[in-house]
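Student: First the structure, which I've put down as structure tokens, then a few questions once you've had a look.
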Amino acid sequence: MSGGGESRFGVGRVTRFYLPLLLQAFSQSLTYPLVAGIVTHGPDGVDALTAFSQGQVVMFMIGALGGGLITTGLVFARTWYGYISFRRLNALMMAALLSVQCAMALPPFSDWVFRGFFALPPDLAETARFTLLYGAVMNGTFFLRNVPMVVLFSCYDSAKANNATFLRMGATLACAVVFPRIGWTGATWGLAALTLGVIVEYSATWAWARPYVARLRASHSPMPGRDRPAAGEVLSLTLEQFRFTLPLSLGGFLLMLSPLIVAAFVGRADNPGDMLALHYVTLGVANPVAYAAMRMQTVAIQFPPEHAGDRRLLVYAVAAGALLGLLPLLFAVPSVGNWYFGSYQNVPPRLLGTARLAAGIYSLICIIQAVRGRIEGLAAVARRPSAVMVGQVAYTLALLVTLAVLLPLGVPGWAMAVTSIFVAPVATTVAVYSALAVGARKKEGEVR
Numbered sequence: 002m003s004g005g006g007e008s009r010f011g012v013g014r015v016t017r018f019y020l021p022l023l024l025q026a027f028s029q030s031l032t033y034p035l036v037a038g039i040v041t042h043g044p045d046g047v048d049a050l051t052a053f054s055q056g057q058v059v060m061f062m063i064g065a066l067g068g069g070l071i072t073t074g075l076v077f078a079r080t081w082y083g084y085i086s087f088r089r090l091n092a093l094m095m096a097a098l099l100s101v102q103c104a105m106a107l108p109p110f111s112d113w114v115f116r117g118f119f120a121l122p123p124d125l126a127e128t129a130r131f132t133l134l135y136g137a138v139m140n141g142t143f144f145l146r147n148v149p150m151v152v153l154f155s156c157y158d159s160a161k162a163n164n165a166t167f168l169r170m171g172a173t174l175a176c177a178v179v180f181p182r183i184g185w186t187g188a189t190w191g192l193a194a195l196t197l198g199v200i201v202e203y204s205a206t207w208a209w210a211r212p213y214v215a216r217l218r219a220s221h222s223p224m225p226g227r228d229r230p231a232a233g234e235v236l237s238l239t240l241e242q243f244r245f246t247l248p249l250s251l252g253g254f255l256l257m258l259s260p261l262i263v264a265a266f267v268g269r270a271d272n273p274g275d276m277l278a279l280h281y282v283t284l285g286v287a288n289p290v291a292y293a294a295m296r297m298q299t300v301a302i303q304f305p306p307e308h309a310g311d312r313r314l315l316v317y318a319v320a321a322g323a324l325l326g327l328l329p330l331l332f333a334v335p336s337v338g339n340w341y342f343g344s345y346q347n348v349p350p351r352l353l354g355t356a357r358l359a360a361g362i363y364s365l366i367c368i369i370q371a372v373r374g375r376i377e378g379l380a381a382v383a384r385r386p387s388a389v390m391v392g393q394v395a396y397t398l399a400l401l402v403t404l405a406v407l408l409p410l411g412v413p414g415w416a417m418a419v420t421s422i423f424v425a426p427v428a429t430t431v432a433v434y435s436a437l438a439v440g441a442r443k444k445e446g447e448v449r
């Protein structure tokens, strides 16, 4: 897909591409703690945030089965036929996964998940079920957004994607300010604020992507007598893309199981209510910078190594992760942390010191996530999605083993969560590196 931009490595060039991605990931993740202020000031207080978050965890876990779509689009949707096939694959997966999401929000499945697995009381289980059911609108909009997002990234126009996210954040921020003042609080209005922001973002993204799509269509060379691919050609390309997406999607599903696994263990530690509340509010600080660091995956796809042993992007990833890690440290400062966790997130005073400590510890995770994003991007460039899946399996197993070891030792729930979230991405990075190395050795053996 043409659209401007040179893919050769240069610190300035990479930074101009990465900075909008970083800001986009940061601002996207920031919308969730913004909305948390709407949810926690409802009648159920901070407990509502636990139910609201767990409903969204299930929603995102289902959506993770389509989590490989953007990577697939970046690899395949660079021709008109590839774009049409990707658009069809995206629509088919959206329809299938939203159907699963709605089914999971209905009895008996919702009772099994929220009252059984999460052990929520009936009123909070209903909040989680409602969030999952009506979150289908927001999740569907995320799927629709995949197509124009891929177009903008492929054309090195990440700035427009970033601007669309800023519009989303602005709409969400406006809701976070206005809704509590007029009494619109609780999980219902929190979900409404999130959904409105995502719709605004999708609308802007598509408006900015349309000229690139028109250019792509005009640039393709039609076969004599027709200007569109035959149905069989589209089906063949769609199946090829689905085979590429499948390992990424299955791995992404395992990856999204991690919040469920963490919540299940933390909920069985001492003082589960306090520990779960701490876990979710501190993740609201850690996730924006962690996701921003993970955007190094997209950078690695667009700026692949130019020669054997080219590790310039690795050095760049380490430096970027170190800088990002400074941001969560702000929330470890008493003046900032007490205001954010206490006044805005409504965390009880007895937990403020622990919340600040957890936020400070999370500042160290960004380097790990940036290095992980870079190697996963290289695996996608090499068309080795199975290597990414191996890493995500390693993530899930490392998380599970760490929590299983710490729970019987009586480690506090918040510390269990922090430790496991550190160990898991390290295991992922090692696993992906190892899988790529094994694949390279096999390829060398076949050549010989």
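Note that the working numbering numbers the sequence shown so that position 43 is 44, with each residue one more than the last.
Glycine included, C-beta positions come from ideal geometry on N, C-alpha and C.
Being a predicted model, the structure only gives us computed values, none of them experimental.
Three or more C-beta pairs closer than 8 angstroms, one from the region 142-153 and one from the region 173-190: is that the case here?
Tutor: Here the region 142-153 does not lie against the region 173-190, with fewer than 3 beta-carbon pairs under 8 angstroms apart.
Student: My understanding is that residue 39 touches residue 191, with C-beta atoms under 8 angstroms, so please give their C-beta distance in whole angstroms.
Tutor: 4 angstroms
Student: So, do the region 380-392 and the region 70-78 have three or more beta carbon pairs nearer to each other than 8 angstroms?
Tutor: A contact exists between the region 380-392 and the region 70-78.
Student: Hey, is residue 433's beta-carbon within less than 8 angstroms of any beta-carbon in chain C?
Tutor: As a matter of chain content, chain C is missing from the structure shown, which is built from one protein chain.
Student: Relative to the C-alpha of residue 57, which candidate in 369, 413, 217 and 127 has its C-alpha closest?
Tutor: 127
Student: So what does DSSP say about residue 226, is it helix, strand or coil?
Tutor: At residue 226, the pLDDT of 47 sits below 50, so the modelled position is not reliable; the number obtained from the coordinates is stated separately. Correct three-state label for residue 226: coil.
Student: Mark residue 271 as exposed unless 16 or more other C-beta atoms lie within 10 angstroms of its C-beta, in which case mark it buried.
Tutor: exposed
Student: Buried or exposed: residue 45, going by 16 or more other Cβ atoms within 10 Å of its Cβ?
Tutor: buried
Student: How big is the Cα-Cα spacing for residue 65 and residue 96?
Tutor: If I take the Cα positions, the gap works out to 14 angstroms.
Student: Is it buried or exposed, residue 86, if we count other Cβ atoms within 10 angstroms and call 16 or more buried?
Tutor: buried
Student: Return the chain-ordered list of same chain residues with a C-beta closer than 7 angstroms to the C-beta of residue 458, the five sequence neighbours on each side being excluded.
Tutor: What the structure shows of the chain is the stretch from 2 to 449, and residue 458 is not part of that stretch, so it cannot be assessed.
Student: Taking buried to mean at least 16 other C-beta atoms within 10 Å of its own C-beta, is residue 59 buried or exposed?
Tutor: buried
Student: Are there three or more Cβ pairs, one per stretch, closer than 8 angstroms when the region 112-121 is compared with the region 161-179?
Tutor: no
Student: Give the straight-line distance between the Cα atoms of residue 6 and residue 156, rounded to the nearest whole angstrom.
Tutor: Confidence at residue 6 is low in this model, with a pLDDT of 47, below 50, so its placement is unreliable and the value that follows should be read with caution. Rounded to the nearest angstrom, the two C-alpha atoms are 7 angstroms apart.
Student: Give the single residue among 325, 158, 151 and 91 whose Cα lies nearest to the Cα of residue 14.
Tutor: 158
Student: Can you tell me where the alpha helix (DSSP H) holding residue 167 begins and where it ends?
Tutor: 159-182
Student: Determine the closest residue to residue 138 out of 148, 372 and 99, with distance taken between C-alpha atoms.
Tutor: 99
Student: Would you mind working out which of 202, 52, 307 and 125 sits nearest residue 9, comparing C-alpha positions?
Tutor: By alpha-carbon distance to residue 9, the top candidate from 202, 52, 307 and 125 is 307.
Student: DSSP three-state label for residue 185, please.
Tutor: Looking at residue 185 - three-state DSSP - the assignment turns out to be coil, as it is neither helix nor strand.
Student: Is residue 52 buried or exposed, if buried means 16 or more other CB atoms sit within 10 Å of its CB?
Tutor: buried
Student: Is it buried or exposed for residue 178, if we count other Cβ within 10 angstroms and need 16 for buried?
Tutor: exposed
Student: Specify, as a first and last residue, the run of the alpha helix (DSSP H) that residue 154 falls within.
Tutor: 137-155
Student: Quick one: give me the first and last residue of the alpha helix (DSSP H) that residue 366 is part of.
Tutor: Element bounds for residue 366: n/a, residue is neither H nor E.
Student: Would you give the residue range spanned by the alpha helix (DSSP H) that residue 322 belongs to?
Tutor: 313-325
Student: Three-state secondary structure (DSSP) at residue 80?
Tutor: coil
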